[in-house]
Amino acid sequence: ERTIRVFLDGLRFWEIVLRSLIFYSIALFEKLYSLLMDPYANVKSGKLRFKGEKGESKKRKHKSSKRGSLRPSKVAKSAFNEDLEAHAGWWEISKFVDIIGPVAIQMTGLVPSQDTSTVIGSDQPKPFPPAYYLSASDDGFINLGPPRKSGEPPAPEEIFTAVKVSDTKVAFKTGYDKYITADTGAENIITAAADAIGPREQFEPIFQDGKTALLGFSNCFVSIDQASDRAICRAQKAGPTEMLIVRSNKDLTHNPLYDLPEEERHGTKKAELLYVRKFQSWQDKKIRLNREDTVALKEAKRDGNLHETMLDRREKMKSDRYCK
Numbered sequence: 000e001r002t003i004r005v006f007l008d009g010l011r012f013w014e015i016v017l018r019s020l021i022f023y024s025i026a027l028f029e030k031l032y033s034l035l036m037d038p039y040a041n042v043k044s045g046k047l048r049f050k051g052e053k054g055e056s057k058k059r060k061h062k063s064s065k066r067g068s069l070r071p072s073k074v075a076k077s078a079f080n081e082d083l084e085a086h087a088g089w090w091e092i093s094k095f096v097d098i099i100g101p102v103a104i105q106m107t108g109l110v111p112s113q114d115t116s117t118v119i120g121s122d123q124p125k126p127f128p129p130a131y132y133l134s135a136s137d138d139g140f141i142n143l144g145p146p147r148k149s150g151e152p153p154a155p156e157e158i159f160t161a162v163k164v165s166d167t168k169v170a171f172k173t174g175y176d177k178y179i180t181a182d183t184g185a186e187n188i189i190t191a192a193a194d195a196i197g198p199r200e201q202f203e204p205i206f207q208d209g210k211t212a213l214l215g216f217s218n219c220f221v222s223i224d225q226a227s228d229r230a231i232c233r234a235q236k237a238g239p240t241e242m243l244i245v246r247s248n249k250d251l252t253h254n255p256l257y258d259l260p261e262e263e264r265h266g267t268k269k270a271e272l273l274y275v276r277k278f279q280s281w282q283d284k285k286i287r288l289n290r291e292d293t294v295a296l297k298e299a300k301r302d303g304n305l306h307e308t309m310l311d312r313r314e315k316m317k318s319d320r321y322c323k
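Numbering (the numbering used here), first residue to last: 0 to 323.
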């Protein structure tokens, strides 16, 4: 019994020693951890940067001197969008290159100017006045159409097809498949009875100071006879009544790839294959491609003679139906 008591006392002693060691070990570990982490306490966390890499420069924000002031580009874009919405997606043409395809001719000299400036004490812009378009009739005359409210598109009879005749002149075809003509008679009435384009069917758009006018064959400008509401070509000088707007509803987003032939939209290598398929004689039902390097094709494309180079390459293969 004495031996057992001595043994139990020894166990209690070592238990106390073991607990003391664990306690001091934890305290020592916490002390070492705090000493090691102190140098990193004031370091700012951020994105990992490599040596030599430049940091992003902070752009200085310029506060506007007046609240609500807009940049000129934003004002112009806003005015363009308002005009576009008021005319149901028909936008104003300001360059000759855009006069092609469906167009509408809006006469602006007979109605108040389209002022969209903000009314004092109101955030709402002034409403757009009604739009008056030239309208073709089945009797061969061109008349002033009825007023179109804001957001209302031109009617089918008020839509013409513009056909470019030269670098400065254009012809207009009505929905009745007739070209409008500047009559050289006494009344100088504009009619729409021509089946083909001649000198009297050609009109020259004049763009100046943000305004547009149409000059006819007799060096007179298109306007409206207020007594009969018919289109005439009588005034030798462009005044307020001769001012007009040519509008188009073409999609304003343009993909430059569509300007290229379909065969050339996927690179020079694919273009050569497609042209070989198009012009090959198919004597043995096999495609005969030139095995020379296609680097010459890329250089030819830069120089502007891609088609000549591809023709020479097909000629060497003696399989083209047009060059053997």
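For glycine and all other residues, C-beta sits at the position ideal for the given N, C-alpha and C.
For the alpha helix (DSSP H) that residue i lies in, which residues bound it at each end?
i	result
A295	294 to 302
L272	267 to 278
R313	305 to 316
Please tell me whether residue i and residue j are closer than 8 Å, where the distance is taken between their beta carbons.
i	j	result
G144	Y131	yes
F202	L214	yes
D97	S247	yes
L243	I158	no
F140	R229	yes
S222	G100	no
A212	T173	no
What is the rounded straight-line gap between the Cα of residue i and the Cα of residue j?
i	j	result
D137	S77	39 Å
R4	S24	31 Å
T308	A299	7 Å
R233	K268	58 Å
F28	D8	31 Å
Y175	K163	19 Å
L259	A270	11 Å
L251	L296	33 Å
E261	A195	31 Å
P239	T160	25 Å
W106	E241	According to the sequence shown, residue 106 is Met rather than Trp. Using only the alpha carbons, I get a separation of about 8 Å.
K236	G266	52 Å
N80	T167	28 Å
Q225	E156	20 Å
A26	L17	14 Å
N304	E291	17 Å
V294	R301	11 Å
L20	K30	15 Å
H306	K317	17 Å
G197	S227	27 Å
Q113	F220	For Q113, the predicted model reports a pLDDT of 44, less than 50, meaning its position is unreliable; a value from the coordinates is still stated below. The alpha-carbon atoms of Q113 and F220 are separated by roughly 22 Å.
T152	K249	At residue 152 the sequence reads Pro, which differs from the Thr that was named. Computed Cα separation, rounded: 14 Å.
Y338	V102	Within the shown structure, residues of the chain are numbered from 0 to 323, placing residue 338 beyond reach of any answer.
K210	D182	25 Å
S33	L10	35 Å
Which same chain residues, not among the five before or five after residue i, have their C-beta less than 8 Å away from its C-beta?
i	result
I286	L272, V275, R276, Q279
G184	none
G120	Reliability of the predicted coordinates at G120 is poor, the pLDDT of 45 falling under 50, and no value is obtained from them.
G88	P152, N248
Where do the N-terminal and C-terminal ends of the beta strand (DSSP E) with residue i fall, by residue?
i	result
R229	229 to 234
A135	133 to 135
T190	189 to 193
Q105	100 to 106
Q207	203 to 207
F220	220 to 224
L335	Outside the displayed range of the chain (0 to 323) lies residue 335, so it cannot be described from this structure.
Ignore the nearest five residues each way along the sequence and tell me which others in residue i's own chain have a CB closer than 7 Å to its CB.
i	result
W13	none
K315	N289
E91	D82, I244, R246
Measuring alpha carbon to alpha carbon, tell me which of the options ends up nearest residue i.
i	options	result
I188	G266, I99, S217	S217
A170	I21, V245, S19	V245
P129	D8, Q225, R147	R147
F127	S33, H306, A185, H86	H86
D208	K94, D311, Q225	K94
A154	E186, L310, L133	L133
S165	P204, D182, T2	P204
N142	L10, I231, R11, S33	I231
Quick one: what's got a C-beta closer than 6 Å to residue i's C-beta in the same chain, skipping five residues either side?
i	result
T180	T190, A193, R199, E200
I15	none
Is the Cβ of residue i closer than 8 Å to any Cβ of chain D?
i	result
R246	Absent here is chain D; the protein component of the structure consists of one chain.
Less than 7 Å between the CB of residue i and some heavy atom of the ligand SAH, yes or no?
i	result
T252	By its list of ligands, the structure shown contains no ligand whatsoever, and the ligand SAH lies outside what it can speak to.
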